[in-house]
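Have a look at the structure below before the remarks.
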Amino acid sequence: MVRHALSEARKKLDEGDKKEQAYLKAIAEYKAEQAKPEGEPRKGLREVAGKYKISPTGLGKHVKGGKSIQENNVAKQLLTEAEERKILELRIPNLLRFRYFTGTRKR
28 MVRHALSEAR KKLDEGDKKE QAYLKAIAEY KAEQAKPEGE PRKGLREVAG KYKISPTGLG
88 KHVKGGKSIQ ENNVAKQLLT EAEERKILEL RIPNLLRFRY FTGTRKR
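Residue numbers for the sequence shown follow this note's numbering, so the first one is 28 and each next one is one higher.
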């Protein structure tokens, strides 16, 4: 059961990454369309958003410079990724010396 829950969490993370990549591609395409000369036909925000199956409102916010949820959450973290890695490097050797599942010390 735990593996299933982890799998669902992984799916959500992957889905979020795909959505973020779609937004980045859509932003680049929309800006390229807007850079075309005045006489040429351009795709609008809704048309570009529809192509990538994302929200036109969300795309508009991203084009104007809004942050994604992932970018915003990075600022909320108490520790940086480097600090988290350092803590894990210090803790893992200690964790490996003990068997937490049986409650006995590894000899």
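Glycine included, every Cβ here is placed at the ideal spot set by N, Cα and C.
These numbers were taken from a predicted model, which means no experiment stands behind them.
Neighbourhood of residue i by C-beta distance below 7 Å, restricted to the same chain and skipping five residues each side
i, result
"residue 79", "49, 52, 53"
"residue 216", "No answer is possible for residue 216: it lies beyond the span of the chain, which begins at 28 and ends at 134."
Segment limits, alpha helix (DSSP H) that includes residue i
i, result
"residue 97", "96–103"
"residue 88", "83–90"
Proximal residues to residue i (C-beta, below 8 Å), its chain only, five neighbours per side dropped
i, result
"residue 46", "81"
"residue 103", "none"
"residue 184", "Residue 184 cannot be examined here, being either before or after the span of the chain that is shown, 28 to 134."
From the options, residue whose alpha carbon lies closest to that of residue i
i, options, result
"residue 42", "97, 67, 58", "97"
Where residue i falls: helix, strand or coil (DSSP)
i, result
"residue 78", "helix"
"residue 65", "coil"
"residue 107", "coil"
Stretch-stretch touch, CB-based, cutoff 8 Å, three pairs: the region 86–99 with the region 63–77: Yes, the region 86–99 touches the region 63–77.
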